Amino acid sequence: MQLESMYQEIILDHYRYPHHKGLREPFDAEVHHVNPTCGDEVTLRVTVKDAGGEPAVADVSYDALGCSISQASVSVLTDLLIGKPVAEAMEISGKFLELMHSRDAAEPDEDALGDAVVFAGVAKYPARIKCALLGWMAWKDATAQALATANGSDDDAVT
Amino acid sequence: MSLDVARLRKDFPILDRTVRGGRPLVYLDSANTSQKPRQVIETITEFYERHNANIHRATHELGEEATAAYEGARIKVARFIGTSDETEVVFTKNVSEAINLVAYSLGNATAGRLRLGEGDEVVITEMEHHSNIVPWQLLCQRTGATLRWFGVTPAGRLDLTSADELINERTKIVSLAHQSNVLGTVNPVAEIAARAHAVGALVLVDAAQSVPHGLMDVGSIGADFVGFTGHKMCGPTGIGVLWARRELLDELPPFLGGGEMIESVWMDRSTYAPPPHKFEAGTMPIAEAVGLGAAVDYLSELDLEAVRAHEQNLVGRALQALGEIAGLRILGPTEPAGRGSAVSFTLEGLHPHDVSQVLDDRGVAVRAGHHCAWPLHRAFGVQASTRASFYLYNTLDEVDALADGIRAAQKFFGVT
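Those protein sequence lines, which keep their order, are chains V and E. Everything in the first sequence is counted per the working numbering, starting at 1 for the first residue and increasing by one. Everything in the second sequence is counted per the working numbering, starting at 160 for the first residue and increasing by one.
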């Protein structure tokens, strides 16, 4: 059966027992993203902190409604990105995006992607790629907003 | 006479193929788009190989043949929906364009009974496909008219308790589905149309889900406009139909301007061709229209009473088999009476995408999501559903394959 190549045990585990789920305070930015083809949605909050002069991901909290792939994907994201410098987190998210658009042809970067490599099987199913990317797109959007707000307040401080 | 489904399936080459590494295809997504019989495919091929030319303007033999084929398709479609006047049949891209045509043309009316403005009302229903919601929202935004709608009961029927208040002397047009693409519900169109006409309102019927089953007689349904699409009725994509009463087509301003829809053009003004060509600007999907004509021929040669009996049989078996599955909730009528052959459902603890993925792995093709009816899903308090839809070529064994697949999905995700 080909199903197991998509629904790897790690994905099913994250789906049944999602990590870092729930919306937490305080936060720097909150976004709400929807997959218009199926109605899946995620509300995601990002907190950034200053770590030795560069921004880092302090927390990612979320509330999501959706299929196993979208739920597991955002759960894996929180494991991977919380605590990382934002620049490195952005790089990981870029690699994840690349993996999802690889149609299973790329050799995933296991060091960077960790558990997220199991989503390589999802990349074979074009209709499900958006499910896997829902949380990641929301995170990118929220982080960009959080950084813009942070930069905005720095500017204010200067003037 | 019963339908010889085994013989009929041989007309549909795609039903022979396997999917996902050797599984026989069980195609239960015909409400999305139907499969095409060889007769339609061959007609389109023959058109391109033997008769291709532009229509109504080429002064050569091929042009004559192409025009005859295109206009011949219009006559076939007219007869299929019960009108002897083929000038009431306007070809469009699909049913969305048919509805938009009416909504935009109404918006273009500057005077008379077709003009909409503040204080006027447009009435739709909560069970509509987005294509019968958004054009009306846009029309109301352009004209200042107010959009109102019928709600849906928990049993999946239109809530008609406030019909007399909803459809009133301010109502300009009522637009509703003949048959819900999600619930399968067949709406009491004639009854609602009578109420609408009593207050001087027009009625548009989205018949995308009913015409494919041979369920349209424009003479008795009571509508002023009927829209449907070719690809759900054994025809190709890219061709749809707007039927309207001739005097309305005469009265309505044009929608798209361009070649072939004109009578005369000056630099500062134009006059228009008579209907239906007034609404067919530019080069139309000619081969697609000819293909739709072949689809209508195909359906007309079947015993449509037997087709309906067969489809009722399929949906009856599906409602029963699905009803026996723990945690499964059918959205819409749970009895075959007064419903068509689309069955949407949710499963406790399982997302529709995951259900459809397991089904797909077994070769069973269904649709998962909100089926372009997001407000309806909200009314039912669900985010999405899985939909199986049956057509003339489906079998009782395929219904059983669906039920088995649903149980397999529950097992795979450990929710039983």
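Glycine included, every Cβ here is placed at the ideal spot set by N, Cα and C. Because the structure is a prediction, the values reported are computed rather than measured.
Worksheet item: Quick one: is Asp40/V near chain E, going by C-beta distance under 9 Å?
Response: Taking CB atoms only, Asp40/V has a neighbour in chain E less than 9 Å away.
Worksheet item: At a Cβ threshold of 9 Å, is Met6/V touching chain E?
Response: Residue contact check for Met6/V against chain E: a CB pair falls below 9 Å.
Item to complete: Identify, in the order they occur along the chain, each residue of the same chain with its Cβ nearer than 6 Å to the Cβ of Ala157/V, setting aside the five sequence neighbours on each side.
Response: Low per-residue confidence applies at Ala157/V: pLDDT is 40, beneath 50, and the placement is therefore not dependable, though the value from the model is reported in the following sentence. If we look at Ala157/V and ignore the five residues flanking it on each side, it has no Cβ neighbours.
Worksheet item: How far does the beta strand (DSSP E) with Asp365/E in it reach, from first residue to last?
Response: Counting along the chain, the beta strand (DSSP E) containing Asp365/E begins and ends at 361 to 365.
Practice prompt. Using a Cβ cut-off of 9 Å (strictly closer), state whether Val517/E contacts chain V.
Written response: Using a CB distance cut-off of 9 Å, Val517/E counts as an interface residue toward chain V.
Discussion item. By the three-class DSSP mapping on this structure, what secondary structure does Glu439/E have?
Written reply: Coil at Glu439/E, not helix or strand.
Discussion item. Against chain V, which members of the stretch 195 to 217 of chain E pass a CB distance test of less than 7 Å?
Written reply: Flagged: no residues at all.
Worksheet item: When you compare only the Cα positions, how much space is there between Val117/V and Asp109/V?
Response: Val117/V and Asp109/V: Cα-Cα distance of roughly 8 Å.
Item to complete: Answer with buried or exposed for Val424/E, where buried requires no fewer than 16 other C-beta atoms within 10 angstroms of its C-beta.
Response: By the 10 Å Cβ count, Val424/E comes out exposed.
Fill in: Backbone secondary structure at Leu535/E - three-state DSSP
In the three-state scheme derived from DSSP, where H, G and I count as helix and E and B as strand, Leu535/E is classed as helix.
Item to complete: At 7 Å on the CB atoms, spell out the chain V contacts of Arg179/E, in chain order.
Response: By Cβ distance, chain V contributes Gln2.
Discussion item. Quick check: the stretch 487 to 503 of chain E against the stretch 144 to 153 of chain V, are at least 3 beta-carbon pairs closer than 8 Å?
Written reply: Contact between the stretch 144 to 153 of chain V and the stretch 487 to 503 of chain E is absent: fewer than three C-beta pairs spanning the two stretches fall below 8 Å.
Discussion item. Could you tell me the alpha carbon to alpha carbon distance between Leu77/V and Phe572/E, rounded to whole angstroms?
Written reply: CA-to-CA, the gap between Leu77/V and Phe572/E works out to about 22 Å.
Practice prompt. Output, in chain order, the set of chain V residues within a Cβ distance shorter than 8 Å of His536/E.
Written response: Result: Gly39.
Fill in: Element boundaries [beta strand (DSSP E), containing Val46/V]
Unbroken beta strand (DSSP E) run through Val46/V: 40 to 51.
Fill in: Anticipated Cβ contact below 8 Å, Leu298/E with Gly266/E, distance rounded
A Cβ-Cβ distance of about 5 Å is found for the pair Leu298/E and Gly266/E, placing them in contact under the 8 Å criterion.
Practice prompt. Report yes or no: is there a C-beta of chain V within less than 9 Å of the C-beta of Asp563/E?
Written response: With 9 Å as the cut-off, Asp563/E does not count as an interface residue toward chain V.
Worksheet entry | Under 9 Å by beta carbon: chain E residues contacting Gly66/V | Near Gly66/V (Cβ distances below 9 Å), the residues of chain E are His510, His512, Gln542, Ala543.
Item to complete: Please confirm whether Thr284/E and Gly310/E have their CB atoms less than 9 Å apart.
Response: Yes. Within cutoff.
Worksheet item: Which ranges would you report for the beta strand (DSSP E) in the stretch 479 to 505 of chain E if only whole runs of at least 3 residues count?
Response: Under the rule that a run must span 3 or more residues, the beta strand (DSSP E) segments found entirely inside the stretch 479 to 505 of chain E read 487 to 490.
Item to complete: Could you check what DSSP says for Gly83/V in three-state terms: helix, strand or coil?
Response: Coil.
Worksheet item: Would His20/V count as contacting chain E if we go by Cβ distances under 9 Å?
Response: So, not an interface residue.
Discussion item. For a cutoff of 9 Å on Cβ pairs, would you count Ile82/V as touching chain E?
Written reply: No, no contact with chain E.
Discussion item. If you measure between the beta carbons of Ala355/E and Asp40/V, is that distance less than 9 Å?
Written reply: Contact flag unset, no.
Worksheet entry | Cα-Cα separation, Val345/E to Ser369/E | Val345/E and Ser369/E have their C-alpha atoms spaced approximately 8 Å apart.
Practice prompt. For my contact list, Pro433/E and Ser264/E are in at a C-beta cut-off of 8 Å; report their separation, rounded to the angstrom.
Written response: Actually they do not touch by this definition, with Cβ atoms about 15 Å apart.
Item to complete: Please confirm whether Ala112/V and Glu91/V have their CB atoms less than 9 Å apart.
Response: Cβ atoms of Ala112/V and Glu91/V: closer than 9 Å.
Item to complete: Would you tell me roughly how many angstroms separate the C-alpha atoms of Leu12/V and Ser339/E, rounded to the nearest one?
Response: Each residue's alpha carbon lies about 34 Å from the other.
Practice prompt. Assign Ile380/E to buried or exposed, taking buried as 16 or more other Cβ atoms, counted over all protein chains shown, within 10 Å of its Cβ.
Written response: Its Cβ being crowded by 16 or more others within 10 Å, Ile380/E is buried.
Worksheet item: What residue from Arg128/V, Ala58/V, Asn151/V, Lys140/V has the CA that sits closest to Asn35/V's CA?
Response: That would be Arg128/V, whose Cα lies nearest to the Cα of Asn35/V.
Worksheet item: Taking 8 Å as the cut-off, does the CB of Gly450/E come closer than this to any heavy atom belonging to the ligand ADP?
Response: You won't find the ligand ADP in this model; it holds no ligand whatsoever.
Item to complete: Tell me, to the nearest whole angstrom, how far the beta carbon of Val517/E is from that of Ala454/E; I am working on the premise that it is less than 8 Å.
Response: No, Val517/E and Ala454/E are not in contact; Cβ-Cβ is about 32 Å, not under 8 Å.
Discussion item. I believe Ala446/E touches Val502/E by the beta-carbon criterion, under 8 Å. Please report the beta-carbon distance rounded to the nearest angstrom.
Written reply: About 34 Å; that fails the 8 Å criterion.
Discussion item. Just to confirm the assignment, what range does the beta strand (DSSP E) spanning Arg307/E have?
Written reply: Arg307/E -> beta strand (DSSP E) spans 305 to 309.
Worksheet entry | Extent of the continuous beta strand (DSSP E) to which Gly564/E belongs | Gly564/E -> not in any beta strand (DSSP E); alpha helix (DSSP H) instead, spanning 555 to 571.
Worksheet item: Closest Cβ-Cβ distance between Ile69/V and chain E: below 9 Å?
Response: The beta-carbon of Ile69/V is placed less than 9 Å from the nearest beta-carbon of chain E.
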